[in-house]
Amino acid sequence: MTRLRVACVGTGFIAGEHLRALSAMADVQIVAVADTQLERAEQVAARYGSRAHGDGLTLLNTEELDAVWLCVPPFAHGALEAAAIARGLPFFVEKPLASDLSTAQSIADQLAGTGLTTAVGYHWRHLDVVQRAAELLARTPAQLVTGYWWDKTPRVPWWPQRAHSGGQVVEQTTHIFDLARHLAGDVAEVTAAERSAPAGPEDVPLAASSLLRFVSGAVGSISSARVLDGRHRVALHVVAESHVLEISEHGLTDHELRIGTGDGAEVVRSRQDPIAVEDREFLDVLLGITPRVRVPYQEALRTHTLACAADRSARDGTPVRLDAGAAGA
Ligand SMILES: NC(=O)c1ccc[n+]([C@@H]2O[C@H](COP(=O)([O-])OP(=O)(O)OC[C@H]3O[C@@H](n4cnc5c(N)ncnc54)[C@H](O)[C@@H]3O)[C@@H](O)[C@H]2O)c1
Numbered sequence: 016m017t018r019l020r021v022a023c024v025g026t027g028f029i030a031g032e033h034l035r036a037l038s039a040m041a042d043v044q045i046v047a048v049a050d051t052q053l054e055r056a057e058q059v060a061a062r063y064g065s066r067a068h069g070d071g072l073t074l075l076n077t078e079e080l081d082a083v084w085l086c087v088p089p090f091a092h093g094a095l096e097a098a099a100i101a102r103g104l105p106f107f108v109e110k111p112l113a114s115d116l117s118t119a120q121s122i123a124d125q126l127a128g129t130g131l132t133t134a135v136g137y138h139w140r141h142l143d144v145v146q147r148a149a150e151l152l153a154r155t156p157a158q159l160v161t162g163y164w165w166d167k168t169p170r171v172p173w174w175p176q177r178a179h180s181g182g183q184v185v186e187q188t189t190h191i192f193d194l195a196r197h198l199a200g201d202v203a204e205v206t207a208a209e210r211s212a213p214a215g216p217e218d219v220p221l222a223a224s225s226l227l228r229f230v231s232g233a234v235g236s237i238s239s240a241r242v243l244d245g246r247h248r249v250a251l252h253v254v255a256e257s258h259v260l261e262i263s264e265h266g267l268t269d270h271e272l273r274i275g276t277g278d279g280a281e282v283v284r285s286r287q288d289p290i291a292v293e294d295r296e297f298l299d300v301l302l303g304i305t306p307r308v309r310v311p312y313q314e315a316l317r318t319h320t321l322a323c324a325a326d327r328s329a330r331d332g333t334p335v336r337l338d339a340g341a342a343g344a
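Written as structure tokens, this is what we have:
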């Protein structure tokens, strides 16, 4: 059997999830990993019998590969994607696309016309319960959407600095913005406000709230808070005629869909591993088994544009209009 030669840049938490999924696939060989913390890369490389590099560009410039996973923090995007594109190497990149909008737009510009296969880690879209919700909403469209990311402050060192992570809205709540777009369509305008952090280096706002007007005419609000001791609610609720859909995440492999009607509620629990599903889909596209990935770079850019618009509106205090026809508005 021909094995696809893959590598991963970044060997932290989410890289671990992808590598675990990839290592269980018989037609995949993890040939190399890279991390700016070389020891970390070496430990991971030893687990998978692969080579370790102290930086991603060296890996990209020296390894023979069929695909690469880019699992670095938001501030580290740009040069890695440019190197992959220059080599014609398909890449899977974790959300968010970058800590800002212009870096992601520049990568999308470099990708334009190359035909390169890309995929982005908006894993909720791969869930069976999300598919069920999308089918229901295709018949009775969303009228009202409310989303939540109410949680603790993540412990990774780069997260509390806005310049490094992009902030909670861009880094975390982006999953909820993406799901809202997936289920209710594009957003025409966003107005947001934020609760600033106390003065100091950890400047990611303590909380934020945004009001959305969808192109369809539906309305919505999505809020973020990072001041709790643990995850309280990571969810999207959608009101459509005669029913309410509540989709929530309790862990990477623990999701729930609650369908409420006048007669009661049906609760569907999903134990699917969406990381393994999205990785397999990307590989199957490379193998010609599946026609397209669900979330290519250009589609993720539309979600990133929305999250960045919500972030900008909260900082500037003015509404931001989005061009529904083009990402990067
Ligand atoms: N899809 C999801 O649900 C999900 C979950 C967690 C994290 N993520 C995303 O994955 C990304 C990484 O998050 P994480 O939790 O794994 O962070 P992490 O801090 O655990 O790991 C990131 C690793 O990247 C390394 N790194 C930093 N800059 C680098 C560079 N230029 N080249 C090579 N390595 C570099 C760091 O040393 C670190 O080991 C973030 O964008 C995050 O939003 C997605």
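According to the numbering used here, the residues represented by the sequence shown are 16 to 344, in order.
C-beta atoms are modelled at their ideal positions from N, C-alpha and C, and glycine is treated no differently.
- Look at the beta carbons and you see the stretch 200-207 not touching the stretch 124-133: under three pairs across the two are nearer than 8 Å.
- In this structure, the alpha-carbon of D81 lies about 43 Å from that of E281.
- About 5 Å separates the Cβ atoms of L85 and L95, confirming a contact at the 8 Å cut-off.
- A direct Cα-Cα distance of roughly 19 Å separates D331 from E217.
- Between ligand 1 and Q176, a heavy atom-to-CB distance of less than 6 Å is absent.
- Within its own chain, the residues whose Cβ lies closer than 8 Å to the Cβ of D70, once the five positions on either side in sequence are excluded, are A49, T51, listed in chain order.
- As the crow flies, the alpha-carbon of A39 is around 13 Å from that of R18.
- Contact check for A195 against V144 fails: the beta carbons are separated by 7 Å or more.
- Around the Cβ of A214, a 10 Å sphere holds fewer than 16 other Cβ atoms; the residue is exposed.
- Taking 7 Å as the cut-off, the beta carbon of R177 is found no closer than this to the beta carbon of V242.
- Here A36 is not near R66, since their CB atoms are 7 Å or more apart.
- Between A149 and E78, the gap from beta carbon to beta carbon reaches 7 Å or more.
- Of the candidates E271, Y312, W173, the residue whose Cα lies closest to the Cα of R248 is E271.
- Looking from the CA of Q313, the closest CA among Q44, D193, V83, Y63 belongs to D193.
- For S180, the enclosing alpha helix (DSSP H) stretches over residues 177-180.
- The way I'd put it, the stretch 96-110 doesn't touch the stretch 264-278; fewer than three beta-carbon pairs between them come closer than 8 Å.
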